[in-house]
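Working notes for the structure below.
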Amino acid sequence: MKDQIGSFFYFPSINFQKSAGGFGPIRVNNREVIAEPFEKPEEEFDLLIGDWSYFNYKLARRIFRLQVQGGPIDRLHMLINGKMPFNNPFRYPHESFEVEEGKTYRFRISNVGSKLSFNFRIQDQKLVLVETEGSYTQQIVLDSLDVHVGQSYSVLVTADRPVSDYYIAATPSQFTEPPNDDLNGVAVLHYRGSTTKPSGPLPAGPFPSHPTLSSDQARSIRSNMTAGAARSNPQGSFNVTNATISQTFILVGSDAVLASFFHYYAINNVSYTTPTTPLKLADYLADGVGVYRLNEFPVNSTKKVFEQGTFVASGIHKGWLEIVLVNDLNIFDFWHLDGYRFFVVGFGDGEWSPASRDTYNIVDAIVRSTVQVYPKGWTTVYVYMDDPGMWNLLYASFVGIFAAASTPAPSPSPAFT
């Protein structure tokens, strides 16, 4: 794969299909001539962790549309690689990872759920963060890591504890509901030769509804500017220090409840409608006429009246696009951009204003494709528009409700929805 390394997972983008289990891990390794910025681990493990509902995805989609601010919370479990928690009352299998004392292992962790962020930790073990979604990070030592919907991380874990079995826990983060053991994902770190099972309470994590701890951690995740990645030159050689912004989109995430009692997520009070004709086919055959509306999406304002439709907005080819993602809800937003990775330059509380740019990190901003927006807050990303085509900007937990965003193209054809 050209110009890409890192930890990812594949998933369908629409109609709750990801909730049906349509996902899997992707590892993209460095070329042999490019060293990773850490010693080669003894082994690597994929952890696909996420909330799972007893409801089939079609029923869950219908229920979701009748709920306000987040959809169904009940009948959820947190699964690790599709398996129930250790010591679950149903006696279903749990996930386990075997390690050898003194060796170091790489855990590639992805949140494949549809609703819940989780806090990941391993009993009595330190986590060394090294990579996220294709970007090597400055290495920081953590007791636990918040992983938001759609995000992927790599951490190194050294088996330096006495030979035993230890809990691996993934518990809801940024969560205000009463504690619920069904929402705790639990696996086992098994030291080779151990005959002792984990027992007692799970390792304590941060307070589950404390956004400041989570946002402080997010700000601490920065790019390793000197590491080689997909190419032999340092990944920091392409950065935003001197970026000249060509366009700014201000996208406000919200929800709307119509007279029909159906619930919709919206961006700038517009909810995207998936057409029966694929956008690129419509573009090729009829320049999109009758299928989508080009450059009618309000990229810097919010419509006074809620609207549904298929919109495509244009970007400037090989220009820098600033996207300000604003969250008016009391719950988390999660945004994912297909076809691109972006520089996460800022997080903030309350209203965004041009003065907020003074707080941006344009020195060593992390590069990724999925980002969280904290309740009643904003997140800003910079995107270099060098990949012509039509690309989805997914919003609202990737449950399949997404909206037009923008499109670069060297030709009249639009590039990104």
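Under this note's numbering, residues 18 to 434 are what the sequence shown spells out, in order.
We put the CB at the ideal spot given by N, CA and C, even for glycine.
* **The beta strand (DSSP E) enclosing P189, as first and last residue numbers** => In the DSSP annotation of this structure, the continuous segment of the beta strand (DSSP E) that includes P189 starts and ends at 182-190.
* Which of the three DSSP states, helix, strand or coil, is assigned to P371? -> helix
* Grab me the residues of S211's own chain with a C-beta within less than 8 Å of its C-beta, minus the 5 sequence neighbours each way, in chain order. => V180, S181, D182
* Span separating the alpha-carbon of V85 from that of V400 -> At V85, the pLDDT of 47 sits below 50, so the modelled position is not reliable; the number obtained from the coordinates is stated separately. Rounded to whole angstroms, V85 and V400 show a C-alpha spacing of 31 Å.
* **Nonlocal neighbours in the same chain, by C-beta distance under 7 Å from T376, ignoring five residues either side** => G363, G365
* What are the boundary residues of the alpha helix (DSSP H) that includes A283? -> Unbroken run through A283 is the beta strand (DSSP E), 280-284; no alpha helix (DSSP H).
* Nearest to V361 (by Cα), restricted to the options Y301, S232, E61, F224 -> S232
* Asked: What residues match up with V287 in a beta bridge as DSSP calls it?
  -> I284, E324
* Asked: What's the C-alpha gap between I97 and V384?
  -> 26 Å
* Asked: Is the distance from the Cβ of Y153 to the Cβ of L162 below 8 Å?
  -> no
* To do: Taking only the alpha-carbon atoms, compute the straight-line gap between A421 and E118 and give it to the nearest angstrom.
  => Caution is warranted here: a pLDDT of 43 is assigned to A421, below 50, making its placement in the model unreliable, and the coordinate value is therefore given only provisionally. For A421 and E118, the distance between alpha carbons rounds to 50 Å.
* **Strand pairing of S24, partner residues [DSSP]** => R44
* Report yes or no: do three or more beta-carbon pairs, one from the region 305-322 and one from the region 377-396, lie closer than 8 Å? => Segments in contact, no.
* Taking E59 as the reference, which of S24, R248, V116, G130 has the closest Cα? -> V116
* To do: Return the Cβ separation of L64 and D199 in integer angstroms, given the expectation that the two are a contact with Cβ distance under 8 Å.
  => Their Cβ separation, rounded to whole angstroms, is 19 Å, which puts L64 and D199 out of contact at 8 Å.
* Pull up the distance between the alpha-carbon of K214 and that of N197, whole angstroms please. => Distance from the CA of K214 to the CA of N197, rounded to the nearest whole angstrom, comes to 23 Å.
* Taking the C-alpha atoms as reference points, what is the distance between N286 and V50? -> Distance between the alpha carbons of N286 and V50 is about 49 Å.
* **Backbone CA spacing between V380 and T258 [nearest angstrom]** => 6 Å
* To do: Take every Cβ of the region 139-147, pair it with every Cβ of the region 105-114, and state whether three or more of those distances are shorter than 8 Å.
  => no
* To do: Check A204 in the structure and name its three-state DSSP category.
  => A204 falls in the strand class under three-state DSSP.
* Asked: In whole angstroms, what separates the C-alpha of A52 from that of D345?
  -> 43 Å
* Determine the closest residue to P42 out of Y27, R48, F55, E56, with distance taken between C-alpha atoms. => Y27
* Asked: So, V308 versus I284, is the Cβ gap smaller than 8 Å?
  -> no
* Asked: Where does L133 land, buried or exposed, given buried means 16+ other C-beta within 10 angstroms?
  -> buried
* W352 and L411: beta carbons closer than 8 Å? -> yes
* Contact check, I333 vs Q264, beta carbons under 8 Å -> yes
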